[in-house]
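Quick note: to get the working numbering, add 27 to the position in the sequence shown (first position is 1). Quick reminder that beta carbons are idealized off the backbone N, C-alpha and C, glycines included. Data first, discussion second: the structure below is written as structure tokens.
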Amino acid sequence: MRIFAKDQIKNMMQGLGLEDGESIEHRMLSGAIERAQKRVEGRNFDIRKMLLEYDDMANEQRQIIYSQRNSVLESEDISDLLDSMRQTVIENEVSTFIPEQSPEQAMGYKRTGSINST
Numbered sequence: 028m029r030i031f032a033k034d035q036i037k038n039m040m041q042g043l044g045l046e047d048g049e050s051i052e053h054r055m056l057s058g059a060i061e062r063a064q065k066r067v068e069g070r071n072f073d074i075r076k077m078l079l080e081y082d083d084m085a086n087e088q089r090q091i092i093y094s095q096r097n098s099v100l101e102s103e104d105i106s107d108l109l110d111s112m113r114q115t116v117i118e119n120e121v122s123t124f125i126p127e128q129s130p131e132q133a134m135g136y137k138r139t140g141s142i143n144s145t
């Protein structure tokens, strides 16, 4: 009731001298309590839903990291794997800071898909 009850209900409870946690049995207050309970349940549902979305995102990231880890552990020569990862990271960073539509001359960079081009 403290979280979702309207001020009118709070004032009424204080006026009646009811303490926190005390049992309330009145027809008029029962409806207000039920509505407040539904709002609490709805709020808690939304919180659980958001936590599940965060957990799904963390799980997806965990699966990617473990997949990459297993690839490294299973490879005898990881230089090709690391070169591929490095290339991907560099391309992502370059595309973040150098938009696709930028003139090559203004940026001093030629987009060829290779990290060796300037």
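Asked	Found
Taking the straight line between their C-alpha atoms, what separation do you get for Val67 and Ile92?	37 Å
So Glu118 is in the alpha helix (DSSP H); what residue range does that whole segment cover?	106 to 124
Just confirm the distance between the C-beta atoms of Val116 and Leu108, as a whole number of angstroms; I'd bet it's less than 8 Å.	Not really, about 13 Å apart at Cβ, beyond 8 Å.
Run the CB neighbour count on Ala59, radius 10 Å, all protein chains shown included, and call it buried at 16 or more, exposed below.	buried
How far does the alpha helix (DSSP H) with Gly58 in it reach, from first residue to last?	54 to 101
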